[in-house]
Amino acid sequence: MGERGRPVELWTAERVAALRARLGLSQADLARRLGMRQQTVSEWETGRYAPRGASATLLGILAEEAAAYDASPPGGEGEKPR
Numbered sequence: 157m158g159e160r161g162r163p164v165e166l167w168t169a170e171r172v173a174a175l176r177a178r179l180g181l182s183q184a185d186l187a188r189r190l191g192m193r194q195q196t197v198s199e200w201e202t203g204r205y206a207p208r209g210a211s212a213t214l215l216g217i218l219a220e221e222a223a224a225y226d227a228s229p230p231g232g233e234g235e236k237p238r
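Given below as structure tokens:
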């Protein structure tokens, strides 16, 4: 287990690229959201380095948020059926 009881996730190059694509972000956009350089995201996606520590935790949080958004019913919560 990692910080705050979260399971430690292994972030492969493919998983980082897939998450970024699912979020509809460029490498530069993802880097800005994470507070790092675009080159770092590029190095993750090419497999030169793997995210670890706080970076891996932040990617996990983004993935959880994206999954929650993907699972939301169409039209949002407050909309009444017709």
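Read in the working numbering, the sequence shown has 215 at position 59, and its numbers run on one by one without any break. Ideal Cβ placement from N, Cα and C applies to all residues, glycine included. Every value quoted in this text rests on a predicted model; they were computed, and no experiment measured them.
Given that a residue counts as buried once 16 or more other Cβ atoms are within 10 Å of its Cβ, and exposed if not, what is residue i?
| i | result |
| --- | --- |
| Glu-235 | Any reading at Glu-235 needs caution, since the residue's pLDDT is 48, under 50, leaving its predicted position unreliable; the model's value is listed next. Per the 10 Å Cβ criterion, exposed. |
| Leu-166 | exposed |
| Arg-238 | Because the pLDDT at Arg-238 is just 45, under 50, the model does not fix this residue reliably, and the value given afterwards should be weighed accordingly. Exposed, by the Cβ-count rule. |
| Ala-224 | exposed |
| Ser-211 | buried |
Excluding the 5 residues preceding and the 5 following residue i in the sequence, name in chain order all residues of the same chain whose CB lies nearer than 6 Å to its CB.
| i | result |
| --- | --- |
| Arg-176 | Leu-186 |
| Glu-204 | Per the sequence shown, residue 204 should be read as Arg rather than Glu. For Arg-204, where only same-chain residues beyond five positions count, there are no Cβ hits under 6 Å. |
Ignore the nearest five residues each way along the sequence and tell me which others in residue i's own chain have a CB closer than 7 Å to its CB.
| i | result |
| --- | --- |
| Thr-121 | Nothing can be reported for residue 121, as the shown portion of the chain is limited to 157 through 238. |
| Arg-178 | Ala-222 |
| Leu-190 | Ser-211 and Leu-214 |
| Arg-240 | Outside the shown range of the chain, which is 157 to 238, sits residue 240, and nothing can be said about it. |
Skipping 5 residues on each side, what residues in its chain have a beta carbon closer than 8 Å to that of residue i?
| i | result |
| --- | --- |
| Val-172 | Val-197, Trp-200, Glu-201, Pro-207 and Leu-215 |
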